[in-house]
Amino acid sequence: MAPFVGGVAVGALLLSVVWGLSQPKGPGPGVLFQSAIGSTADAEKSPTTFTLVGTFSLYGSSSSIGGTCHGSGGYSDIADGASVTVYDAAGKVDAVGAITKPQGLDGLGCTFSIVVSAVPNDEKFYQIEISHRGKVTVTADDAKAGRVSLTLGN
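See below:
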């Protein structure tokens, strides 16, 4: 009877090894379910940055030569590609963009598009500066919704 017991033990061991090798690799179902929940929550989070868009108008001292409108005299720094700096509440630079697409305003001035990419999405308000012309404060809601409209001149 001893060979029979030894044979059963060897058979059980072989069955365990074969069963163990045939199981799928990787985390168990609980971990997969937990990972799926984490992915869903991550997808529902708001983006960490946004693109600030708006308009900037220059009145009074501008020129439109060859179809390109730009500042003149004391406003000569205002032209296509001039810098737009976005600051956080503490005055730290958050992002830098530019004014683009200048258009004449029937001899009254120029209007430009404001575009600043990768603005952090974690402030209650932002300060925006065109060239070196001083900071203007806007709410985060207005900044994110494209409701930024700045002016310079009279």
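At position 58 of the sequence shown the residue is numbered 58 (UniProt numbering), and the sequence of numbers has no breaks. Every residue gets a Cβ at the ideal spot worked out from N, C-alpha and C, and that includes glycine. Computed from a prediction, not measured in an experiment: that's the story for all the values here.
- Query: According to the Cβ coordinates, are Ser57 and Thr139 closer than 8 Å?
  - Reply: As a first step, residue 57 is located in the sequence shown; it is residue number 57 there, counting from the start. As a first step, residue 139 is located in the sequence shown; it is residue number 139 there, counting from the start. Cβ atoms of Ser57 and Thr139: not closer than 8 Å.
- Report the residue from Asn154, Ile128 and Thr51 whose alpha carbon sits nearest the alpha carbon of Lys92. Here the question's residue 92 lines up with position 92 in the sequence shown. Looking at the Cα atoms, Ile128 is the closest of the given residues.
- For Lys135, the residue or residues it bridges with in DSSP: Reading the sequence shown from its first residue, position 135 is the one you call residue 135. Partner(s): Glu129.
- Message: At the level of alpha carbons, what is the spacing between Gly71 and Ser61?
- Response: Here the question's residue 71 lines up with position 71 in the sequence shown. Here the question's residue 61 lines up with position 61 in the sequence shown. The straight-line gap from Cα to Cα measures roughly 6 Å.
- Message: DSSP three-state label for Leu150, please.
- Response: Sequence index remark: in the sequence shown, residue 150 carries index 150 (1-based). DSSP, read as helix, strand or coil, puts Leu150 in strand.
- Query: Below 8 Å, can you find three or more Cβ-Cβ pairs linking the region 83 to 97 to the region 108 to 125?
  - Reply: At 8 Å Cβ cutoff, the stretches touch.
- Message: Please state whether the Cβ-Cβ distance between Gly153 and Tyr87 is less than 8 Å.
- Response: One-based indexing of the sequence shown puts residue 153 at position 153. One-based indexing of the sequence shown puts residue 87 at position 87. Result no, Cβ atoms of Gly153 and Tyr87 do not sit closer than 8 Å.
- Query: Is it right to say Leu108 is buried, meaning 16 or more other beta carbons lie within 10 angstroms of its own, or is it exposed?
  - Reply: Numbered from its first residue, the sequence shown carries residue 108 at position 108. Result: exposed.
- Message: Is the beta carbon of Asp80 closer than 8 Å to that of Thr68?
- Response: As a working mapping, residue 68 is identified with position 68 in the sequence shown. As a working mapping, residue 80 is identified with position 80 in the sequence shown. Cβ distance < 8 Å, so Thr68 and Asp80 count as in contact.
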